[in-house]
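In what follows, a single structure is set out as C-alpha cells and then discussed.
2 protein chains.
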Amino acid sequence: MSGQTLSPEEIGIGMRISVHPHSDDYERIILDALDTTKNQIDLGGLEISTGEVSTYVGVKTGAAAQRLAEYSTTLIASASRASNRQHLTSHLLFSRGCPGEATCELIPGEIPSEQTVTLERTGLEAAAAWSLYPLADDGSAHMDPIYAAIDQAKASGVTVTSEHYATILRGDLADILGVVVNAWAKVGQEVPHVVSHVSVSVDSPSAQRAGDAA
Amino acid sequence: MSGQTLSPEEIGIGMRISVHPHSDDYERIILDALDTTKNQIDLGGLEISTGEVSTYVGVKTGAAAQRLAEYSTTLIASASRASNRQHLTSHLLFSRGCPGEATCELIPGEIPSEQTVTLERTGLEAAAAWSLYPLADDGSAHMDPIYAAIDQAKASGVTVTSEHYATILRGDLADILGVVVNAWAKVGQEVPHVVSHVSVSVDSPSAQRAGDAA
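Line order of the protein sequences matches chains A and B.
Take the first sequence: its letters are residues 1 to 214, numbered as in the working numbering.
Take the second sequence: its letters are residues 1001 to 1214, numbered as in the working numbering.
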C-alpha cells in the first residue's frame, strides 16, 4: 500500500480517553465538559464512540495529531473547570498505524508526515506519567525512538523526570499533551505502528503539598 | 546474560498502579485501601514507591506475577469497599524485561517462566480496557502473541469483546486481573520486553443502566 495518499482513517489514527473527576458530582462534571468541548471544537470528521471504560475518538479527515491534541486538552481542561478544580485524572491511549482492516501494512518511508501540534496554554498545571511504544515489526531497536522523544520533551520547556516504566512530565496541561502527541506522531512517521499511553493528574493534593501545582 | 537464574528484580518485573475513587472522600478511601492491603498481603520483597501520578510496585523476590496480581486485586477491591461501592477506576501498567540497568538484554528461551496466577474471586463485577504490547527487538511478528492472549482470555470465562486499540474484559475483578497478568507473564517468557496497560472500571453508572454490573 502506498502511504502518501492515505487518510487518517486509512492509517488508523485515533485515541481512547477517559476523564476521572474525584468528586461525588462526577457525572455532571463529565457531561458539562463534553458539552463545552462540543461547543469549542469542530467535531466534523471525528468518529466518537463512548464505551463503559473509555471513549474512542477516531480521525477520519484533517490534521489528525492536531485534532486529537485539541480534543483531549479541551475535554480535560473543561472537566477541571466544571469541577471547580477538584482533583481530576485522565488516561489517554494514542494509536497510529493499525486500523484493523489494514493491520500494520504501512511501509516505512511512505507514511504521511504530521504537522507539529500547537496548542494554547490552559493555565492548568498538570503532571503526567507517559509511555511511548514503537511496535516495530522490522527488527529495528525499539528503544532509540523513545530516547529521542524524551530528549525532545526535555527541550520543550516541560519538566521531565524518569521513573520506572514511565517518564514524568510537569507543566501546563497543553504543553504536556503537545509533547506527548508530537512525539507519538513523529515516531509514527518512521515506525508503522506506534502507541502511547499517558496518565494525567490535575490538582492532586500531593502536588499541592509539594508546592508544584497551582 | 543467562536468564534462568535471574531474580524478578534482575529481570525487571513490576507495575505502576493508580486508583481513582469518583468521590469527594477520595483521600480517605485510598488511605483506607492502602491500610487494608498492607494487612492482607505480605509486602516483604516488594519495592513500593508512591509518586504524584501513580505508585510503582517492583518485585525483588518471589512469584512475581502472583504477587502483583494479588496486590492490585486487593488494593482495588479494598478501595471499592471503602467507598461503599461508589464508582471507581484504576489504571495499571505491567512491565517485564527492561529494568533499566539490563535494558532488554534477556535472551529468548532463557527467560525464567512464571507460574499461572490464581486469585480468589472478589464479588465485584468490573469492566476493563486491556492492551498488551510485546516489544520485541528480534523482528518477530508482534501481533501473534496478542491474538493468542485474546484467545486464552476467551477460554477463561471472562467476557471478551474488541474495541479500537483495546480488548474489553467483563467479569469478576479477580478474574479480569488474572487474565491480564497471566497473558503478560506468558508472552514475557518468549518476548524479552513486554508491557500491558489496563483501565479497570467498577460500579460505573453506565454499566448499571445497561444491567451488566452488580
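Where is the CB? At the ideal position from N, CA and C, for every residue including glycine.
Since this is a predicted model, take the numbers as computed values, not measurements.
Less than 7 Å between the C-beta atoms of residue i and residue j, yes or no?
i, j, result
"G1012/B", "G1097/B", "yes"
"W130/A", "A155/A", "no"
"H91/A", "S1023/B", "no"
"H20/A", "H1020/B", "yes"
"T1036/B", "S1078/B", "yes"
"S201/A", "T89/A", "yes"
"L68/A", "M15/A", "yes"
Hey, how far is the Cα of residue i from the Cα of residue j?
i, j, result
"I1030/B", "L1119/B", "22 Å"
"A1065/B", "E1114/B", "7 Å"
"A1033/B", "T1073/B", "11 Å"
"A183/A", "Q1189/B", "30 Å"
"T1050/B", "V1057/B", "9 Å"
"I146/A", "V59/A", "24 Å"
"G178/A", "L135/A", "21 Å"
"R1121/B", "R121/A", "46 Å"
"G1044/B", "D172/A", "38 Å"
"S206/A", "T116/A", "33 Å"
"L93/A", "E1047/B", "27 Å"
"A1102/B", "L1132/B", "Confidence in A1102/B is poor, its pLDDT being 43 and thus under 50, which makes the residue's placement unreliable; the coordinate value appears in the next sentence. Taking the straight line from one Cα to the other gives about 22 Å."
"E1125/B", "R1170/B", "7 Å"
"V195/A", "S18/A", "16 Å"
"E1163/B", "V1181/B", "20 Å"
"E1010/B", "A1185/B", "15 Å"
"E1052/B", "E1027/B", "13 Å"
"I168/A", "P192/A", "25 Å"
"D1042/B", "R1081/B", "20 Å"
"Y1071/B", "G1123/B", "17 Å"
"D1151/B", "A1174/B", "19 Å"
"D1025/B", "D25/A", "12 Å"
"T5/A", "A63/A", "14 Å"
"T1159/B", "S1095/B", "24 Å"
"T1161/B", "K38/A", "28 Å"
Could you name the residues that DSSP lists as bridge partners for residue i?
i, result
"D175/A", "For D175/A, which the question treats as bridged, DSSP gives no partner whatsoever."
"E125/A", "D172/A"
"L132/A", "S196/A"
"P21/A", "L88/A"
"I13/A", "R96/A"
"A1166/B", "E1163/B"
"S201/A", "T89/A, A127/A"
Contact defined as beta carbons within less than 8 Å: I believe residue i pairs with residue j. What is the distance between those atoms, to the nearest angstrom?
i, j, result
"Q1040/B", "D1203/B", "Actually they do not touch by this definition, with Cβ atoms about 21 Å apart."
"V1187/B", "A1153/B", "In fact, because the Cβ distance is near 12 Å, the residues do not count as touching under 8 Å."
"A1128/B", "I1176/B", "5 Å"
"P1008/B", "T1061/B", "7 Å"
Report task. Please list the segments of the beta strand (DSSP E) lying wholly inside the region 41–101 of chain A, counting only runs of 3 or more residues, in order along the chain. Result -> For the region 41–101 of chain A, whole beta strand (DSSP E) runs of length 3 or above, ordered along the chain, are 46–50, 55–59, 88–96.
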